[in-house]
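**Student:**
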Amino acid sequence: MQPGPASVPVRPRTVSKTALTTMPTVDAAVRLAPLEGPVVRTSGTLRGGLLSGVEFLGPGDTASSTVDIAEPDNRRFQPDPQWITAPLAIFATEKIAAAMLWNDMSLAPSFASPNHLEPSADHRMSLKGNEIDAIVRFLPVRRNVPADSQFFQNRGPNDPAMGDTVNDTAVNDTPGPAPFAGPSVAPGDDPADDPIPELIRWGTVLRGLPPAPAFRDWESQRALSLGALQGVLQGDDRMSWAYSAEPESPRRAFADTASILWRLTGKIPRFVPATLTPGGSSIADETIYLLVGRAAEWRDAGN
Numbered sequence: 058m059q060p061g062p063a064s065v066p067v068r069p070r071t072v073s074k075t076a077l078t079t080m081p082t083v084d085a086a087v088r089l090a091p092l093e094g095p096v097v098r099t100s101g102t103l104r105g106g107l108l109s110g111v112e113f114l115g116p117g118d119t120a121s122s123t124v125d126i127a128e129p130d131n132r133r134f135q136p137d138p139q140w141i142t143a144p145l146a147i148f149a150t151e152k153i154a155a156a157m158l159w160n161d162m163s164l165a166p167s168f169a170s171p172n173h174l175e176p177s178a179d180h181r182m183s184l185k186g187n188e189i190d191a192i193v194r195f196l197p198v199r200r201n202v203p204a205d206s207q208f209f210q211n212r213g214p215n216d217p218a219m220g221d222t223v224n225d226t227a228v229n230d231t232p233g234p235a236p237f238a239g240p241s242v243a244p245g246d247d248p249a250d251d252p253i254p255e256l257i258r259w260g261t262v263l264r265g266l267p268p269a270p271a272f273r274d275w276e277s278q279r280a281l282s283l284g285a286l287q288g289v290l291q292g293d294d295r296m297s298w299a300y301s302a303e304p305e306s307p308r309r310a311f312a313d314t315a316s317i318l319w320r321l322t323g324k325i326p327r328f329v330p331a332t333l334t335p336g337g338s339s340i341a342d343e344t345i346y347l348l349v350g351r352a353a354e355w356r357d358a359g360n
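Numbered according to the working numbering, the sequence shown terminates at residue 360, and the numbering increases by one at each position without gaps.
1) Determine the burial state of Pro252: buried for a count of at least 16 other Cβ atoms within 10 Å of its Cβ, exposed for fewer.
2) Could I get the ranges of all uninterrupted alpha helix (DSSP H) runs contained in the stretch 280-332, with 4 residues as the minimum, in chain order?
3) Span of the beta strand (DSSP E) holding Trp140?
4) Tell me which residue opens and which closes the beta strand (DSSP E) that Arg264 is part of.
5) Just to check my reading of the structure: Ala191 and Met157 have Cβ atoms closer than 8 Å, yes? What is that Cβ distance to the nearest angstrom?
6) Have a look at the DSSP bridge pairing and note the partners of Gly186.
7) For Tyr300, I'd like the list of residues in its chain whose CB is within less than 7 Å of its CB, leaving aside the five on either flank, ordered along the chain.
8) Report the CB separation of Tyr346 from Ala312 in whole angstroms; it is logged as a contact under 8 Å.
9) By the 10 Å Cβ neighbour count, where 16 or more other Cβ atoms means buried, how is Ala352 classified, buried or exposed?
10) Is it buried or exposed, Ala341, if we count other Cβ atoms within 10 angstroms and call 16 or more buried?
11) Tell me which residues share the same chain as Arg279 and place their Cβ nearer than 6 Å to its Cβ, disregarding the 5 neighbours each side in the sequence.
12) For the alpha helix (DSSP H) holding Ala352, just list the boundary residues, first then last.
13) Do Leu184 and Gly94 have their CB atoms nearer than 8 Å?
14) Candidates Lys324, Asn172, Ser282 and Thr99: which alpha carbon is nearest Val196's?
15) Under three-state DSSP, which class holds Ile340?
16) Please return the same chain residues whose Cβ sits closer than 7 Å to the Cβ of Pro91, not counting the five positions on each side in sequence.
17) Assign Asn172 to buried or exposed, taking buried as 16 or more other Cβ atoms, counted over all protein chains shown, within 10 Å of its Cβ.
18) Contact check, Leu145 vs Leu174 under 8 Å by CB: the rounded distance?
19) May I have the straight-line CA-CA distance separating Gln135 from Met182, to the nearest angstrom?
20) Where Pro129 and Val111 are concerned, what is the direct C-alpha to C-alpha distance, given to the nearest angstrom?
21) Ends of the beta strand (DSSP E) at Thr119?
22) Please name the residue or residues paired with Ile147 in a DSSP beta bridge.
23) Just how far apart, CA to CA, sit Asp118 and Ala302?
24) Identify, in the order they occur along the chain, each residue of the same chain with its Cβ nearer than 8 Å to the Cβ of Thr314, setting aside the five sequence neighbours on each side.
25) Out of curiosity, what's the CA-to-CA distance linking Ala155 and Trp140?
26) Count the other C-beta atoms from every protein chain shown that fall within 10 angstroms of the C-beta of Glu276, then say buried if there are 16 or more, exposed otherwise.
27) What are the start and end residues of the beta strand (DSSP E) that includes Val97?
28) So Ser170 and Phe148 are supposed to be a Cβ contact under 8 Å. How far apart are they, rounded?
29) Just to confirm my understanding: we take Pro69, look at its own chain, exclude 5 residues before and 5 after, and list those with CB closer than 7 Å. What are they?
30) Give me the Cα-Cα distance between Leu348 and Pro330, rounded to the nearest whole angstrom.
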């Protein structure tokens with residue numbers, strides 16, 4: 058199967074491994090500068106964006122914002138390649154959607170919306186490395202669908218509109234612009250309304266998913282959890298903990314956290330304050346109230 062008109066293989070200038078090893082060195086301090094490419098700029102009002110493992114943007118969102126991550130960790134426009142969970146980047150506007158797919162997970166992507174790297178009002182993504190092999194695909198977008206359409210809200214790879222039928226031939230051959238058999242979208246939906254799920258599925262079919270990391274055994278998981286609860290999450294008084302590791306996250310005597318420490322160690326924390334603060338974990342665990350004989354306090358807290 059040959060690439061369709063909307064699927065454009067992009068292979069910028071490369072330097073072979075042989076060339077890298079035999080290239081004469083003029084000065085030990087001189088290093089071969091990495092290539093950058095392809096550089097894809099998408100114009101228009103942002104409807105959605107994705108850099109797997111790093112960004113998932115909705116209509117009007119700004120990349121590298123502090124909404125979910127505080128400074129300086131919010132600066133994700135040139136993230137560490139180890140943060141990337143799948144080699145896929147997408148921007149969708151009211152004009153067009155563009156996706157970039159690559160193989161080598163050591164390549165360093167850039168992802169800026171708006172594009173402050175030039176600077177420009179568009180949305181920019183690219184790759185950097187000594188050898189780059191990437192595919193760029195474009196999809197049209199219906200111009201009469203408003204940016205706040207339901208099609209651009211809360212959509213992801215598990216959305217029902219993603220469908221569940223894949224053409225086996227498309228997995229083995231180079232995909233065309235529509236490499237999926239059967240109904241690719243739910244009735245009443247269309248990739249032109251929301252191209253992001255279609256592009257996620259296209260990338261997954263073509264490249265697959267990276268191997269999942271090995272499961273930790275119980276002792277490894279226990280050590281990791283204790284290291285956090287007795288380290289960055291713990292307050293200076295050793296009787297309080299934070300919900301997250303960010304410095305501004307308040308340290309309190311959370312009942313959930315005290316209960317978790319008991320489950321991890323088999324011991325009641327040595328320092329249990331006179332008053333416990335309900336909560337502290339996404340999964341409630343209020344066992345500590347009963348362990349220290351303070352069931353009345355647990356009851357009065359509204360349980």
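By construction, the Cβ of each residue, glycine as well, lies at the ideal position given by its N, Cα and C atoms.
**Tutor:** If we stick to the structure as given:
1) buried
2) 312-322
3) No beta strand (DSSP E) contains Trp140, which DSSP labels as neither H nor E.
4) No beta strand (DSSP E) holds Arg264; the alpha helix (DSSP H) holding it covers Pro252 to Arg264.
5) 6 Å
6) Leu92
7) Ser306 and Gly337
8) 6 Å
9) exposed
10) exposed
11) Leu321
12) Ala352 to Asp357
13) yes
14) Here the sequence assigns Leu to residue 196, which means Val is not the residue at that position. Minimum Cα distance to Leu196 is reached at Thr99.
15) coil
16) Lys185, Gly186 and Asn187
17) buried
18) That belief does not hold up - the Cβ atoms of Leu145 and Leu174 are roughly 20 Å apart, past 8 Å.
19) 10 Å
20) 14 Å
21) Unbroken run through Thr119: none, as it is neither H nor E.
22) Leu107 and Ala156
23) 25 Å
24) Leu286, Leu290, Trp298, Gly337 and Ser338
25) 21 Å
26) exposed
27) Val97 to Thr99
28) 7 Å
29) Per-residue confidence for Pro69 stands at a pLDDT of 43, beneath the threshold of 50, marking its modelled position as unreliable; the derived number appears in the next sentence. The answer, listed in chain order, is Leu92, Gly94, Pro95 and Ile189.
30) 13 Å
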